[in-house]
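See below for the structure under consideration.
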């Protein structure tokens with residue numbers, strides 16, 4: 001295969017990845033890494049570099065639309081970014097002294113369970129509950145656009161969410177995976193944030209988490225321009241299409257899509273853990 | 001500055017950053033394909049990219065009509081810079097709002113980002 005054939009192929013795969021990534025809040029890496037390594041035989045390190053680029057492209061491309069429409073909650077994003085970036089630092093520090101194979105299997109199992117949970121949605125939460133005072137102090141409560149005008153929401157269990165985000169960041173630093181899945185799950189299941197706000201706020205945050213580790217991978221020579229070029233352009237195009245779809249999409253469909261992608265990702269992690277490729 | 005206004009500015013900032021980055025990557029890509037289109041990509045074995053593509057200063061020096069991959073790399077650097085610029089801008093915006101809590105929160109995030117990029 002020549003570069004002239006390889007480039008459009010990678011562009012096409014990346015466009016699908018970007019669209020899925022923008023709709024689920026997971027970033028494009030979930031699709032890009034396995035597609036490049038398994039389908040096209042690209043070395044895992046080049047694939048990781050390309051995947052990192054794809055996460056930043058999805059995040060920044062779709063976020064510009066989501067923030068403008070009023071879906072992403074920038075205060076929730078800023079507040080939780082502290083936990084994820086600190087966690088990522090800890091994860092990178094621990095990476096050399098942790099058996100990542102076993103961890104990968106355990107985390108895969110946790111994700112499988114979480115995928116099942118989020119596909120079922122959330123039990124109707126009792127609205128009589130007292131609002132979390134921390135959410136009020138941090139001005140996290142907000143509203144988002146819906147078919148019948150702006151809809152208000154309250155954020156619960158801020159401390160639990162913050163701790164989960166710290167865990168999400170640590171795991172992403174440790175295992176080199178996008179932490180988007182845990183971010184969405186923490187916001188949706190623990191903090192009771194509406195699903196579309198959870199996925200779009202996750203989408204808003206993952207770019208920053210990825211940018212934090214981009215320097216390291218660039219220095220190690222993982223970011224190969226000839227490969228990253230079609231990935232970046234494809235993912236960006238796909239993410240813009242995905243962002244348009246989100247507005248009209250039914251939450252139930254989005255939940256299934258999210259659960260499906262996270263389920264595949266979980267199985268992937270269990271396999272790599274067992275193979276000890278990490 | 002209200003939160004709504006902050007959202008609009010952040011949105012414009014992200015779009016501008018991504019558009020410029022995509023433009024530069026596209027330019028470098030066209031140039032790369034026109035010169036190396038018939039060559040075989042060799043990504044199945046890891047060699048690591050040449051040293052000039054691994055540092056910001058290396059990329060800036062090499063980027064030009066004679067080195068198309070470096071132009072792509074320059075575009076990718078602009079892409080990486082976009083979310084960081086977003087955090088830096090948010091800090092300034094929260095300062096204008098005199099929102100001390102969020103100024104502190106954003107400063108911590110920016111400090112961690114700069115620390116991890118520098119190390």
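Residue numbers (the numbering used here), protein chains in the order written: chain A, 1 to 278; chain B, 1 to 119.
C-beta: ideal position from N, C-alpha, C; glycine also.
For clarity, every value in this text was computed on a predicted model and none was experimentally measured.
Beta-carbon proximity check, residue i vs residue j, cutoff 8 Å
i: residue 226/A; j: residue 69/B; result: yes
i: residue 56/B; j: residue 76/B; result: no
i: residue 231/A; j: residue 10/A; result: yes
i: residue 87/B; j: residue 109/B; result: yes
i: residue 83/B; j: residue 56/A; result: yes
i: residue 240/A; j: residue 22/B; result: no
i: residue 106/B; j: residue 91/B; result: yes
i: residue 4/A; j: residue 38/B; result: yes
i: residue 209/A; j: residue 85/A; result: yes
i: residue 175/A; j: residue 103/A; result: yes
i: residue 112/B; j: residue 94/A; result: no
i: residue 263/A; j: residue 108/A; result: no
i: residue 70/A; j: residue 145/A; result: yes
i: residue 169/A; j: residue 77/A; result: no
i: residue 46/B; j: residue 46/A; result: yes
i: residue 14/B; j: residue 64/A; result: yes
i: residue 242/A; j: residue 36/A; result: no
Where residue i falls: helix, strand or coil (DSSP)
i: residue 5/B; result: helix
i: residue 252/A; result: helix
i: residue 98/B; result: coil
i: residue 146/A; result: strand
i: residue 153/A; result: strand
i: residue 28/B; result: helix
i: residue 203/A; result: helix
i: residue 67/B; result: strand
i: residue 59/A; result: helix
i: residue 194/A; result: coil
i: residue 239/A; result: helix
i: residue 106/B; result: helix
i: residue 159/A; result: helix
i: residue 54/B; result: coil
i: residue 42/B; result: coil
i: residue 42/A; result: coil
i: residue 132/A; result: coil
i: residue 35/B; result: helix
i: residue 82/B; result: helix
i: residue 223/A; result: coil
i: residue 36/A; result: helix
i: residue 72/A; result: coil
i: residue 74/B; result: helix
i: residue 139/A; result: coil
i: residue 1/A; result: coil
i: residue 26/A; result: coil
i: residue 179/A; result: coil
CB contact check: residue i to chain B, cutoff 8 Å
i: residue 79/A; result: yes
i: residue 278/A; result: Below a pLDDT of 50, predicted positions are generally treated as unreliable, and residue 278/A, at 46, falls in that range; no measurement from the model is reported.
i: residue 128/A; result: Here the model assigns residue 128/A a pLDDT of 49, short of 50, so the residue's position is not dependable and the matter cannot be decided.
i: residue 226/A; result: yes
i: residue 155/A; result: no
i: residue 138/A; result: yes
i: residue 46/A; result: yes
i: residue 13/A; result: no
i: residue 132/A; result: no
i: residue 59/A; result: yes
i: residue 191/A; result: no
Contact with chain A by residue i, beta-carbon distance below 8 Å
i: residue 39/B; result: yes
i: residue 97/B; result: no
i: residue 2/B; result: no
i: residue 112/B; result: yes
i: residue 57/B; result: no
i: residue 54/B; result: yes
i: residue 22/B; result: yes
i: residue 65/B; result: no
i: residue 44/B; result: yes
i: residue 36/B; result: yes
i: residue 90/B; result: yes
i: residue 27/B; result: no
i: residue 116/B; result: yes
i: residue 60/B; result: no
Closest Cα partner of residue i within the set the options
i: residue 99/B; options: 115/A, 260/A, 75/A and 98/A; result: 75/A
i: residue 258/A; options: 107/A, 183/A, 144/A and 47/A; result: 183/A
i: residue 10/B; options: 12/A, 167/A and 62/A; result: 62/A
i: residue 72/A; options: 262/A, 213/A, 99/A and 206/A; result: 206/A
i: residue 244/A; options: 111/A, 68/A and 195/A; result: 68/A
i: residue 7/A; options: 104/B, 30/B and 114/B; result: 30/B
i: residue 59/B; options: 187/A, 224/A and 77/A; result: 224/A
i: residue 154/A; options: 161/A, 173/A and 131/A; result: 131/A
Buried/exposed call for residue i, threshold 16 Cβ in 10 Å
i: residue 189/A; result: buried
i: residue 128/A; result: The pLDDT assigned to residue 128/A is 49, lower than 50, so where the model puts this residue is not dependable, and the model offers no usable value.
i: residue 228/A; result: buried
i: residue 251/A; result: exposed
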